[in-house]
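Here the structure comes first, spelled out in structure tokens, and everything after it is commentary.
Protein chains: 2
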Amino acid sequence: MRTVRVLGVDPGLTRCGVGIVDGAPGRPCSLVDVAVITSDPGQDITDRLLNLERELTVLIDKHRPESVAVERVFSQHNVGSVIGTAQASAVAILAAARFGLPLYTYTPSEVKAAVTGSGQADKKQMTTMVTRLLRLDTPPRPADAADALALAICHVWRGGTKQKLENALRKAISNDR
Amino acid sequence: MRTVRVLGVDPGLTRCGVGIVDGAPGRPCSLVDVAVITSDPGQDITDRLLNLERELTVLIDKHRPESVAVERVFSQHNVGSVIGTAQASAVAILAAARFGLPLYTYTPSEVKAAVTGSGQADKKQMTTMVTRLLRLDTPPRPADAADALALAICHVWRGGTKQKLENALRKAISNDR
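Chains as they are written, first to last, in my numbering: chain B, 1 to 177; chain G, 1 to 177.
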């Protein structure tokens, strides 16, 4: 099985987690890099979005992943942060598009299920599993970093199967109209 | 008083209103262009965001506004559409930044108050006033188009005063830390 490099993004405007792993479906993954891109809520929104775009671009350019996995934003998210989360996800999606990288989105439960076996796992359990799966000496901190790594691991293991199904379904629906 | 050209954006992923007007504070504005950029909710999110970015870029490039006014997204917005609205606003903010244009945000009540005198005005009243203020023969349709024009008019008349105050305040606060 060929090894792939995936960049995972846990979107956020104040703290955006980015995790890059190498791996193949059903085999252990290895950590390439992990970062949290931060911005100050008191800063101008333009500067915050530009900063996030710039930092994400640097990481993509440095590590050249084959695909990007971004957490899917839901309105059930914390209402106070959903706007920043949605804006950050748009920046991540456009950054991936500029490098011509395929983009995949996963819900938090899908990521939890892939990494811990349960869609209801809590943050502590997620961090424990990410630390174990990547054979790290210490847990990645803060939680945004662990979540971004979990997204990347989730995508490596699911190997894009889900997105292929979704694309086929979308095509079938639009042909049907 | 010098005439300025402002591009207003009523952000949305399915329908994004864009209105461009010329005017000066306290004087009538005139319509330059108005458009609604649409995308299909069944389409891939990357394609939707890229399409919006491309269309906005074409309009900015064609009309060369001096500034861009975007509606500020609130979590009180319709929860079903707040994510698309937030993502579209991020695309608009980055598009303005790429042209080096100053960006201003206004709440819906600020726009309503500027255009109708009341922060509680309804859609019908807004459309009526935008039609009157721009001396149009027929009301701009759909509502997203009227809202985008109202944003642009709001910014022309407020002449960036509000943002200057906010910037000064932000500076004062950050110096104080």
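Note that CB positions come from ideal geometry on N, CA and C, so glycine has one too.
| Check | Outcome |
| --- | --- |
| Among G:L94, G:I83, G:N51, the one whose alpha carbon lies nearest that of V70 of chain G | G:L94 |
| C16 of chain B - containing beta strand (DSSP E), residue span | 15-23 |
| According to DSSP, residues forming a beta bridge with S67 of chain G | G:V6 |
| Residue burial classification, Q87 of chain G (beta-carbon count within 10 angstroms, cutoff 16) | buried |
| Chain G residues whose Cβ lies nearer than 7 Å to that of E53 of chain B | L94 |
| Separation of L134 of chain G from C154 of chain G, as counted between CA atoms | 12 Å |
| Selection of the segment 43-68 of chain G by Cβ proximity to chain B, strictly under 7 Å | I45, T46, L49, L50, E53 |
| Within-8 Å CB hit, A148 of chain B to chain A | The displayed structure is made up of protein chains B and G, and chain A is not among them. |
| Among G:R72, G:F74, G:L13, G:V73, the one whose alpha carbon lies nearest that of L56 of chain G | G:L13 |
| Stretch-stretch touch, CB-based, cutoff 8 Å, three pairs: the segment 48-67 of chain G with the segment 99-112 of chain G | yes |
| Proximity winner among G:D61, G:L151, G:V111, G:S109, relative to L31 of chain G (alpha-carbon distances) | G:L151 |
| Separation of V6 of chain B from V115 of chain B, as counted between CA atoms | 15 Å |
| Integer-rounded CB distance, given that S75 of chain G should sit under 8 Å from I83 of chain B | 6 Å |
| Partner residues on chain G for I83 of chain B, Cβ-Cβ distance less than 9 Å | V73, F74, S75, H77, V82, I83, T85, A86, S89 |
| Check: A24 of chain B C-beta below 7 Å from any heavy atom of the ligand PLP | No copy of the ligand PLP appears in this structure; indeed no ligand is present at all. |
| Residue range of the unbroken alpha helix (DSSP H) whose run includes A206 of chain B | This structure does not reach residue 206 of chain B, given that chain B is present from 1 up to 177, and the question cannot be answered. |
| Three-state secondary structure (DSSP) of T85 of chain G | helix |
| When B:V156, B:S81, B:R158, B:L149 are compared against V34 of chain B, the one with the closest alpha-carbon | B:L149 |
| Any C-beta of chain G under 8 Å from that of L7 of chain B | no |
| Exposure label - K112 of chain B; buried when at least 16 CB within 10 Å | buried |
| Chain-order list of residues whose beta-carbon lies under 6 Å from that of A145 of chain G (same chain, five-residue window excluded) | G17, V34, V36 |
| Coil, strand or helix - D61 of chain G by DSSP | helix |
| Bridge partner(s) assigned by DSSP for V34 of chain B | B:G19 |
| Range of the contiguous alpha helix (DSSP H) that encloses L101 of chain B | That residue, L101 of chain B, is in no alpha helix (DSSP H); it is neither H nor E in DSSP. |
| L103 of chain G at chain B interface by Cβ criterion, 8 Å | yes |
| Buried versus exposed call for S39 of chain B [16 or more other C-beta atoms within 10 Å across all chains shown] | buried |
| Short CB-CB distance (under 8 Å) between A97 of chain B and chain G | yes |
| Where G119 of chain B falls, given that 16 or more other Cβ within 10 Å makes a residue buried | exposed |
| V91 of chain G versus B:V130, B:R48, B:E110, B:S81, residue with shortest Cα-Cα distance | B:R48 |
| S11 of chain B to L52 of chain B span [Cα, whole Å] | This sequence places Pro at residue 11 of chain B; Ser is not what is there. If you take the alpha carbons of P11 of chain B and L52 of chain B, they lie about 10 Å apart. |
| Reference V21 of chain G, options G:W157, G:A168, G:A172, closest by Cα | G:W157 |
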